[in-house]
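Numbering (the working numbering), first residue to last: 304 to 1132.
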């Protein structure tokens, strides 16, 4: 049984903090600002899970320490409330998503408050509130007016289960990230945002922000900047009719040095030239192949693990240097939306191309070799043909592509040059023929934001037969979601069937018109929410420029790594657009990013309902208290690492808090003298350790330090009210309820959350005596106990006089002595 009534104490202080506004940011620009933000949650019906608690508790510890250090801290919370899950729930249950989402938000808010998180609740936002999505629509119009939002027909990812399109970033392994249904390709008119115009800025900006390297790498790879050459392959057709015309195909390559190894040029099945150049004898085969390709997702087509397929078109183009006829194929591993929609197939020097050539019997011409190699590699044979004895290279023996750079062979006037030398000379030669130039290509595509679903902000565009696309006037925002809607997905937006939504007058000519029926991707809502927190009740602007300039950018952002190329990339894009528009004075939204690790089930497996290993934080808090839950999740392991739940571990935290309760009560009810020298030194070391570990997100080792101190304190006959007060200040960010209660039992009136963070005396954190390791040539030979900070020359004398050491250096010349103060002395002989 617990030593104190945590249920009573925790609810008491939660009510008190809310009543007194203890956790709110203040309107005081003279104090240093610190903006801490958790990624706001989607309020699902399942409520908070322990992964949420880990992220929120870590942020709360930082926030509480900062406030005690005198910072003016902004720490808001809100709800990412639009999206497919709420709509799917509405379809299954018949409950309107607005109703179910509101109920879920109430539950999330209750749970967060019950755990004592110090959020600035008056700033709470909800993306599905018209007062919020009015400004999401306003931002869309800002993009539209600046040429950054456009509508186009394009092949898109389609999920039959969700009955909507998906952005590339929402497709995982050829499947919908939400429902795991297979994704197919469709040609549809959709709305896009021109994120590609910001590719270089998005790349360059990564160098100036304090983010985990793995997240930066994921964004760099997704943007995928490649410097290369665009080469033109021209046709010279033997015309069979006057309607036939010459054509040219542009390809992008990063390896122009392999140009003499081209076996064919490959077009995407959707490339507009396909219909024009295919010969009659290949037309039926090509038509069938194009149809098959349309049924595959982008990731299925480009995945490295699958065999590549293709068919010839019958057309040929001329090699830009040799004039040789190069056959033109189509293959579904080439995408019309990437680069030029065409590639050159160089089997000897690209693994994908090698597999393609091997499958279809294409020639494999080796034109780049490492030193001492030459010849030609036959597809499927694994042999170099035409090379001298001893000239078989690694790829000849293993039957694979040679993808490194090297020295050119069989490459005309460029033979004998290194790859680096050849690239510049070949580009120059191609440019003189007007057949090539240097180009930069990107993997990143424009952001597809159209969704054929109901629960999202309507796109504020009106279509008029006379005026075309017309943006909704700002005075008419928000465009409200209608209530007369059948949620059952049909492949069209549910808004299409609304009787009240569509029929409107054109804002330009006053004639009959119709609204856009698609809604926006929910990631549009979350791309700017951090700005709204700065002035959440502003009815005239999306955000106050004055308040945003004061609070932003976000100093510390905490959340999951799964949003690396979704929310985090999109938010950076939005911020750059708003910076260019002169609305904000910064280009990066989040200066420092921390990813919390996953909380696993007790067996180390991922938590899931099917496995029955989901831990409900409500149940844990009811049995152990909010403070124990918060502290245990911080004590489980490194904040950024995955770690399994251990029920025995939280029992240990219970015992620690019970011991805190008993020890401080002993101080309150007995006259203890203040800490003796040994305990005082340990206290100062603990203050330093906890302070530094919080800054380094090493919450687990900070808790260990507090446990060590408590053990010594509880055994000591010293350590009175001053000691207790200092210790409770250290504990308060981790276990705020028990710390607040005991702080007041010590006779204090002001909330401990408003007290000053304790300071340490540097001199008292150093050991009086340290053990110095003695090495000879790097090997341990003995140790010395010396005064901390002992003079280096004195340490050398003591080490050389050591009897054990003498046996290893006697008769030898001491070349040098390396001293690492208070740790190691190494004698080199």
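The C-beta atom is built at its ideal place from N, Cα and C for all residues, glycine as well.
Identified DSSP bridge partners for residue i
{"i": "residue 627", "result": "Beta-bridge pairing links residue 627 to no other residue."}
{"i": "residue 340", "result": "860"}
{"i": "residue 615", "result": "632"}
{"i": "residue 742", "result": "531"}
{"i": "residue 752", "result": "None; residue 752 has no bridge partner."}
{"i": "residue 726", "result": "Per DSSP, none; premise fails for residue 726."}
{"i": "residue 771", "result": "767"}
{"i": "residue 791", "result": "None, per the DSSP bridge assignment."}
{"i": "residue 326", "result": "BP columns for residue 326 are empty, so no partner."}
{"i": "residue 494", "result": "454"}
{"i": "residue 558", "result": "Partner(s): none; residue 558 has no beta bridge."}
{"i": "residue 895", "result": "513"}
{"i": "residue 460", "result": "469, 488"}
{"i": "residue 475", "result": "478"}
Cβ neighbours of residue i in the same chain (closer than 7 Å, five flanking residues each side left out)
{"i": "residue 945", "result": "900, 901, 903"}
{"i": "residue 926", "result": "none"}
{"i": "residue 320", "result": "326"}
{"i": "residue 919", "result": "none"}
{"i": "residue 332", "result": "853"}
{"i": "residue 622", "result": "565, 629"}
{"i": "residue 1005", "result": "992, 993, 996, 997"}
{"i": "residue 1059", "result": "371"}
{"i": "residue 812", "result": "767, 769, 770"}
{"i": "residue 886", "result": "848"}
{"i": "residue 907", "result": "947"}
{"i": "residue 949", "result": "905"}
{"i": "residue 498", "result": "747, 749, 750, 876"}
Beta-carbon spacing of residue i, residue j below 8 Å
{"i": "residue 645", "j": "residue 569", "result": "yes"}
{"i": "residue 618", "j": "residue 637", "result": "no"}
{"i": "residue 564", "j": "residue 728", "result": "no"}
{"i": "residue 550", "j": "residue 538", "result": "yes"}
{"i": "residue 437", "j": "residue 492", "result": "no"}
{"i": "residue 1092", "j": "residue 1129", "result": "no"}
{"i": "residue 487", "j": "residue 598", "result": "yes"}
{"i": "residue 940", "j": "residue 1014", "result": "no"}
{"i": "residue 849", "j": "residue 930", "result": "no"}
{"i": "residue 281", "j": "residue 532", "result": "Since the first and last residues shown for the chain are 304 and 1132, residue 281 lies out of range."}
{"i": "residue 432", "j": "residue 379", "result": "no"}
{"i": "residue 399", "j": "residue 406", "result": "no"}
{"i": "residue 955", "j": "residue 982", "result": "no"}
Residue from the options with nearest C-alpha to residue i
{"i": "residue 822", "options": "521, 758, 887, 878", "result": "758"}
{"i": "residue 1036", "options": "322, 419, 317, 378", "result": "419"}
{"i": "residue 796", "options": "760, 766, 756", "result": "756"}
{"i": "residue 1029", "options": "990, 426, 739", "result": "990"}
{"i": "residue 827", "options": "495, 894, 1052", "result": "495"}
{"i": "residue 860", "options": "643, 1047, 895", "result": "895"}
{"i": "residue 562", "options": "790, 714, 344", "result": "714"}
{"i": "residue 862", "options": "1099, 341, 970", "result": "341"}
{"i": "residue 365", "options": "403, 831, 909, 1034", "result": "1034"}
{"i": "residue 446", "options": "411, 881, 508, 1090", "result": "881"}
{"i": "residue 576", "options": "620, 558, 612", "result": "620"}
Own chain residues within Cβ distance below 6 Å of residue i, not counting five before or after
{"i": "residue 641", "result": "none"}
{"i": "residue 596", "result": "572, 635"}
{"i": "residue 310", "result": "none"}
{"i": "residue 501", "result": "876, 879"}
{"i": "residue 408", "result": "346, 382"}
{"i": "residue 1110", "result": "none"}
{"i": "residue 691", "result": "In this predicted model, residue 691 has a pLDDT of only 36, less than 50, meaning its place in the structure is not dependable enough to derive any value."}
{"i": "residue 1127", "result": "1076"}
{"i": "residue 377", "result": "328, 338, 854"}
Proximal residues to residue i (C-beta, below 8 Å), its chain only, five neighbours per side dropped
{"i": "residue 936", "result": "353, 356, 357, 360, 902"}
{"i": "residue 987", "result": "1063, 1064, 1067, 1068"}
{"i": "residue 1117", "result": "1103, 1130, 1131, 1132"}
{"i": "residue 1113", "result": "none"}
Closer than 7 Å: residue i CB and nearest the ligand SAH heavy atom
{"i": "residue 896", "result": "In the structure shown, the ligand SAH is absent, as is every other ligand, since no ligand is present at all."}
Residue ranges of each beta strand (DSSP E) within the region 343-387, 3 or longer
375-377, all fully within the region 343-387.
Scan the region 1039-1109 and note each continuous beta strand (DSSP E) run of 3 residues or more that stays entirely inside, going in chain order.
DSSP runs (the beta strand (DSSP E)) wholly in the region 1039-1109: 1072-1079, 1082-1090.
Write down every uninterrupted run of the alpha helix (DSSP H) in the region 908-953 whose length is 4 residues or greater and which is fully enclosed by it, in chain order.
If we require 4 residues or more, the alpha helix (DSSP H) runs fully inside the region 908-953 come out as 920-927, 929-938.
With a floor of 3 residues, list each beta strand (DSSP E) that falls wholly inside the region 769-850, ordered by position along the chain.
Unbroken beta strand (DSSP E) runs of no fewer than 3 residues, entirely contained in the region 769-850, are found at 771-774, 806-808, 815-818, following chain order.
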